[in-house]
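A.B. asks: Numbering (mature numbering (1 follows the signal peptide of the UniProt record, and there is no 0)), first residue to last: -24 to -1, 1 to 134.
Can you keep this structure in mind? I'll have questions shortly.
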């Protein structure tokens, strides 16, 4: 019988815990000819979320990391609305380091079945940003029982 050292037990335990807490990467169908369905997963708040990504853009320019902070700054929680209409917000953003210019938009529509707080969909925004760059798409959609969100990033000046 082989006895494991404290060090090997610690490493094994860490590895097993890491496997349990790693989020699954969102995988999308082929988006070469149009919008594509992506894998569903649990949102940060515990309900099911579905994702879609727009068609693959020719001459795609990767969406900068600063898109996430802009989307988060213009995201409006459900408490700001008393109806289920579509609510778009956008910002033209110039990166001071690269001088590149982008239009970022975040459009939300809420079912009013459950509240969505300011921070609730931030981790989903991060996932959508990764997904958009991976699939070379300038739009992505999140839908769930609380509503939907469309993120867009449009390059104006490279």
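Using N, Cα and C, we set each Cβ at its ideal position, and we do this for glycine too.
Note that the structure is a prediction, hence the values are computed from the model and not measured.
1. Among the candidates 126, 87, 89 and 88, whose CA atom is the shortest distance from the CA of residue 103?
2. Residues in its own chain within less than 6 Å of residue 96 by CB, not counting five upstream and five downstream?
3. Mapping DSSP to helix, strand and coil, what is residue 62?
4. Judging by CA-CA distance, which residue of 91, 72 and 107 is the nearest neighbour of residue 2?
5. Locate the alpha helix (DSSP H) running through residue 80, then write down its first and last residues.
6. Does the distance from the C-beta atom of residue 113 to that of residue 78 stay below 8 Å?
7. Tell me, please, which residues DSSP counts as bridged to residue 126.
8. Hey, residue 116 and residue 92: beta-carbon distance below 8 Å or not?
C.D. replies: According to the data block:
1. Measuring C-alpha to C-alpha distances from residue 103 to each of 126, 87, 89 and 88 identifies 126 as the nearest.
2. Contacts found: 21.
3. In this structure, residue 62 counts as coil in the three-state DSSP scheme.
4. The shortest C-alpha separation from residue 2 is found at 107.
5. Membership of residue 80 in any alpha helix (DSSP H) is not indicated; the residue belongs instead to the beta strand (DSSP E) covering 77 to 86.
6. Result no, Cβ atoms of residue 113 and residue 78 do not sit closer than 8 Å.
7. By DSSP's assignment, residue 126 forms a beta bridge with 83 and 117.
8. No, the pair does not count as a contact, with Cβ atoms beyond the cut-off.
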